[in-house]
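Undergrad: In my numbering, the protein residues as written are 349 to 464. Backbone N, C-alpha and C define an ideal beta-carbon position, used for all residues, glycine too.
1) Determine, using beta carbons only, whether residue 404 and residue 367 come nearer to each other than 8 Å.
2) Grab the span of the alpha helix (DSSP H) containing residue 411 for me, first residue to last.
3) Could you tell me if residue 361 is buried or exposed, where buried requires 16 or more neighbouring beta carbons within 10 angstroms of its beta carbon?
4) What's the call for residue 454, buried or exposed, on a 16-neighbour Cβ count within 10 Å?
5) Helix, strand or coil for residue 435? Go by DSSP, reduced to three states.
6) Identify, in the order they occur along the chain, each residue of the same chain with its Cβ nearer than 6 Å to the Cβ of residue 415, setting aside the five sequence neighbours on each side.
7) To the nearest angstrom, report how far apart residue 452 and residue 442 are at their CA atoms.
8) Please determine, among 359, 431 and 444, the residue with the shortest C-alpha to C-alpha distance to residue 401.
9) Cα separation between residue 365 and residue 371?
10) Short check: CB of residue 435 to CB of residue 457, under 8 Å?
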């Protein structure tokens, strides 16, 4: 029963808008949230995905939706290089933009394309 409760309630609260806030979160904040996940693992008695794994999977899913939808306002940020195998990296001037969703998402998508 508690194994069903974790993904339904606790994980959904932890990952609420994770694609937005994770890149800008401090290491201390990420550590505190990971501690909550570790506590849940001990209570439930089974392994759970780490906060980084949750962020990676949610970001890849959201970026895939944006790439597939040409009408999305951020679609043009996922521009392929002429070779077609990688995405063009996004140049940022401010840390606010660097810590937003798009630069890490482009990096994750490019990383996924590089892997066989």
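TA: From the atom records:
1) no
2) Its alpha helix (DSSP H) spans residues 399 to 416.
3) exposed
4) Buried is the call here.
5) strand
6) 426
7) About 14 Å.
8) 359
9) If I take the Cα positions, the gap works out to 11 Å.
10) yes
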